[in-house]
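Chemist:
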Amino acid sequence: MLQNSKAFSSFAVNDIQKAKDFYGKTLGLTVKDNPMGVLEIQISGSSNLLVYPKPNHEPATFTVLNFPVDNIEDAVNTLIEKGVAFEQYDEQYLKTDAKGISRDNGGPSIAWFKDPAGNILSVIETKE
């Protein structure tokens, strides 16, 4: 029944204008206002994403959105230049370098950052 559905994701933010500026200006995504008071974010090659306002928003403690990239070094450097701060982890099974990139963790290289509402996002290197 759902296997052919064009599923999409959504998540909450506490300030829709800050989200619009961050996703549109900082990340360079196409962001459109939706009549229901939500943002529709268009990501090439993916289903659209809906971001909705929630006054009592509490950010998730997990990654809500992953951006596959060809070169994590380039992606992280570009986002740092735009003012994005990457998360730093120094845990037994999760360590990041000075830029916030987790490498050689048994999987692809990945770096996490937060949107203005505290939602966790990532860039993840995919080699084809």
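As numbered in this note's numbering, residues 0 to 127 make up the sequence shown, in order. Idealized CB from N, CA, C, for every residue including glycine.
Apply the 10 Å Cβ neighbour rule to S8 and answer buried if 16 or more other Cβ atoms are within range, or exposed otherwise.
Modeler: exposed
Chemist: Confirm, please, whether the CB-CB distance from E124 to I42 is below 7 Å.
Modeler: no
Chemist: Do L64 and L120 have their C-beta atoms within less than 7 Å of each other?
Modeler: yes
Chemist: D14 by DSSP, collapsed to three states: which one?
Modeler: coil
Chemist: Which two residues bound the contiguous beta strand (DSSP E) that contains L64?
Modeler: 62-68
Chemist: Just how far apart, CA to CA, sit V37 and P52?
Modeler: 7 Å
Chemist: Mind pulling the beta strand (DSSP E) runs of 3 or more residues that sit fully within the region 24-50?
Modeler: 29-32, 38-41
Chemist: Which residue comes first and which comes last in the beta strand (DSSP E) that contains E86?
Modeler: From DSSP, E86 is part of no beta strand (DSSP E); its letter is neither H nor E.
Chemist: Per the DSSP calculation, A110 is bridged to which residue(s)?
Modeler: I100, V122
Chemist: Excluding sequence positions up to five away, which residues of its chain have a Cβ less than 6 Å from the Cβ of K17?
Modeler: P115
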